[in-house]
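In the numbering used here, the protein residues as written are 1 to 477.
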Ligand code: NAP
């Protein structure tokens, strides 16, 4: 753990093991911290806040530029660590390292654009001035599926704004977090400004984050269930919260779309990170007249996808995170088949070529998915494509919006008017129109409804770490 500028063990020297999900190998022993370490980290962040927040925006920016440079210089090493710890194919890991580094660069720039404003007053003797100030100490919790970029997406804006931070990464991917913190240290991070608490049991750390009065803000990326629990806990002290939660993205192929182009796009986005992405398409609406052509291309694409250890060349499908993930995916597939869906391909755990030692599930296509099936509403977080035929495009918007989630949605159409109808009518925070990658450090990422509160990245991302303060100045003083 990295607390107050020191690398430390847990108080009682307890550790937990980290497993490579591709082969079950133990690849690290990590300090098993809890309440005591979380409190120490908050104390360090609280102590460092006056110093860090009084640094000029240019000084904070220079630090983030340096961290960005180091992250890019260490790209191969970081990507290798990620593939071994999280499982994604090495090229996808490289892409994530670049995406993660982008946040350091973006917020190095945004640090210098924390603007206030003046507002005209109706009184001749009065002036209004608005300034932005850092909220204070931030507590952050991140997931395992994007184990580096989800960290920089929070740490970079927090530090740019002048906040100090305590981070708890997912128990499955602490090595990635440690590598990022080593680089922050190397970039010249002052003592206590960013602190890392690792642990097997998230509850005691989460409790400190919800209840310690010194923490001004809680930022979380993970499941909706845990996000709701944390928001409820943080409400006791009215802490600021940002929540990036689960999703259930519709992927709409309109009647006028090119089914080949759409199927190619879908095969690329769905199997990214083996479907373990919050913006992964989870309900595929295809017009009945083009379903055959669409499924043909999709099936061909899926057949070309090699599963295996992400370090091996050519591998496109890495392992799922653990045995529970395999179980969840498989039970959704079985439930759908039982209720009438047709299995087009996949539908089983891969056990050959030594994959039985890891957690591999075959890329799967289900046709004839209906509302009654669990997969129609539950986030899958696995390599399964549930295809739903439709006849009437007028019903599509309603069907796609009929979910508690509201993170990402995708639409394929050739008509500008249809694109605009869906862009404006879909209740989701991110809409890809004929586009499968509507994300960037420069663009606001976040969801509506049960998918969360707040936005990360873009100019909105830094606002989440700033308070707005109004000054009313009388000239008669
Ligand atoms: P999760 O179980 O909610 O875990 C996320 C983080 O919360 C982990 O660090 C976890 O620690 C921690 N946590 C769990 N229980 C906690 C508690 N009682 N108190 C404090 N912290 C607690 O989610 P996950 O399975 O790791 O991640 C997948 C979910 O994240 C999916 O729903 C996905 O859609 C969502 N996600 C959303 C975004 C987005 O930007 N919207 C991005 C990526 C992922 P442990 O690991 O130690 O359990």
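Note that CB positions come from ideal geometry on N, CA and C, so glycine has one too.
Problem set entry | residue 418 - containing alpha helix (DSSP H), residue span | It spans 416 to 425 - the alpha helix (DSSP H) in which residue 418 sits, taken as one unbroken run.
For this session: Taking all protein chains shown into account, decide if residue 30 is buried (16 or more other Cβ within 10 angstroms of its Cβ) or exposed.
Result: The residue in question, residue 30, is buried, as its Cβ has 16 or more Cβ neighbours within 10 Å.
Problem set entry | the segment 265 to 276 / the segment 365 to 376 touching (three or more Cβ pairs under 8 angstroms) | No, the segment 265 to 276 does not touch the segment 365 to 376.
Problem set entry | CB contact flag (residue 216, residue 135, <7 angstroms) | Against a cut-off of 7 angstroms, the Cβ pair of residue 135 and residue 216 comes out as a contact.
Exercise. From what residue to what residue does the beta strand (DSSP E) around residue 158 run?
Worked result: For residue 158, no beta strand (DSSP E) encloses it; the enclosing alpha helix (DSSP H) starts and ends at 149 to 161.
For this session: Could you tell me which residues DSSP pairs with residue 366 in its beta bridges?
Result: BP columns for residue 366 point to 343, 386.
For this session: Flag this pair as yes or no: are the beta carbons of residue 200 and residue 16 separated by less than 7 angstroms?
Result: Yes, the pair counts as a contact, with Cβ atoms nearer than the cut-off.
Exercise. DSSP three-state call for residue 288: helix, strand or coil?
Worked result: DSSP places residue 288 in helix when its eight states are reduced to three.
Exercise. Counting Cβ pairs closer than 8 angstroms, one from the segment 34 to 52 and one from the segment 82 to 94, do we hit at least three?
Worked result: Judged by Cβ distances under 8 angstroms, the segment 34 to 52 makes no contact with the segment 82 to 94, as fewer than three pairs qualify.
Exercise. Can you tell which of 34, 21, 384, 459 has its C-alpha closest to the C-alpha of residue 484?
Worked result: The shown model of the chain, from 1 to 477, leaves out residue 484, and the question about it has no answer.
For this session: Go ahead and label residue 119 buried or exposed: buried means 16 or more other beta carbons lie within 10 angstroms of its beta carbon, across all protein chains shown.
Result: Label assigned to residue 119: exposed.
Exercise. Helix, strand or coil for residue 238 per DSSP?
Worked result: Coil.
Problem set entry | Reference residue 549, options 443, 419, 449, closest by Cα | Any property of residue 549 remains undetermined from this structure, which presents the chain solely from 1 to 477.
For this session: Mind listing, in chain order, the continuous alpha helix (DSSP H) runs of no fewer than 4 residues lying wholly within the segment 295 to 348?
Result: Those alpha helix (DSSP H) runs which fall completely within the segment 295 to 348 and span 4+ residues are 323 to 338.
Exercise. Can you tell me the Cα-Cα spacing of residue 359 and residue 344, whole angstroms?
Worked result: When rounded, the distance between both Cα atoms is 22 angstroms.
Exercise. For residue 275, does the three-state DSSP call read helix, strand or coil?
Worked result: In the three-state DSSP reduction, residue 275 falls in the helix class (H, G or I).
Problem set entry | Test item: CB-CB of residue 152 and residue 103 under 7 angstroms | It is a contact, given that the beta carbons lie within the stated cut-off.
Exercise. Count the other CB atoms within 10 Å of the CB of residue 26; is the residue buried (16 or more) or exposed (fewer)?
Worked result: An exposed status is given to residue 26, since fewer than 16 other beta-carbon atoms sit within 10 Å of its beta-carbon.
For this session: Keeping to the same chain, check which residues put their C-beta closer than 6 angstroms to that of residue 374; ignore five residues upstream and five downstream.
Result: By the criterion of a C-beta distance shorter than 6 angstroms, residue 374 is surrounded in its chain by 332, 335, once the five residues flanking it on both sides are discounted.
Problem set entry | Inter-residue spacing [alpha-carbon to alpha-carbon] between residue 122 and residue 472 | Straight-line Cα distance between these residues: approximately 12 angstroms.
Exercise. What is the DSSP secondary structure of residue 259, counted as helix, strand or coil?
Worked result: In the structure shown, residue 259 sits in a helix (DSSP, three-state: H, G or I).
For this session: Could you check which residue in 464, 6, 9, 5 has the C-alpha nearest to that of residue 239?
Result: Considering only alpha carbons, the answer is 464.
Problem set entry | C-beta atoms of residue 133 and residue 354 nearer than 7 angstroms | Contact: no.
Exercise. If you follow the alpha helix (DSSP H) that residue 28 is part of, which residue opens it and which one closes it?
Worked result: Counting along the chain, residue 28 falls outside any alpha helix (DSSP H), though it belongs to the beta strand (DSSP E) covering 26 to 31.
Exercise. Within 6 angstroms: the Cβ of residue 5 and any heavy atom of ligand 1?
Worked result: Exclusion of residue 5 from the 6 angstroms shell around ligand 1 follows from its C-beta lying no nearer than that to any non-hydrogen atom of the ligand.
For this session: Between the Cα of residue 167 and those of 38, 60, 275, 146, spot the shortest distance and give me the residue it belongs to.
Result: Ranking 38, 60, 275, 146 by CA distance to the CA of residue 167 puts 38 first.
Problem set entry | residue 131 - containing beta strand (DSSP E), residue span | It spans 126 to 134 - the beta strand (DSSP E) in which residue 131 sits, taken as one unbroken run.
For this session: Can you have a look at residue 395 and say buried or exposed, based on whether 16 or more other CB atoms are within 10 angstroms of its CB?
Result: Residue 395 should be labelled exposed.
For this session: State yes or no: is the C-beta of residue 175 within less than 7 angstroms of the C-beta of residue 28?
Result: Contact flag set, yes.
Problem set entry | Within 7 angstroms, strictly: CB atoms of residue 218 and residue 139 | Between residue 218 and residue 139, the C-beta spacing is below 7 angstroms.
For this session: Work out the CA separation of residue 50 and residue 221 for me, nearest whole Å.
Result: Near 27 angstroms, if we compare the C-alpha coordinates of residue 50 and residue 221.
For this session: Excluding the 5 residues preceding and the 5 following residue 78 in the sequence, name in chain order all residues of the same chain whose CB lies nearer than 6 angstroms to its CB.
Result: Excluding positions up to five away in sequence, the list reads 97, 179.
For this session: Ignore the nearest five residues each way along the sequence and tell me which others in residue 469's own chain have a CB closer than 8 angstroms to its CB.
Result: Closer than 8 angstroms at the Cβ level, and outside the excluded window around residue 469, lie 130, 131, 132, 133.
Exercise. Helix, strand or coil: how does DSSP classify residue 381 here?
Worked result: Residue 381: coil per DSSP, three-state reduction.
Exercise. Taking DSSP as the reference, what is the three-state secondary structure of residue 428?
Worked result: The answer is coil: DSSP assigns residue 428 none of H, G, I, E or B.
Exercise. Between the Cα of residue 290 and the Cα atoms of 317, 18, 417, 413, which residue gives the shortest distance?
Worked result: That would be 413, whose Cα lies nearest to the Cα of residue 290.
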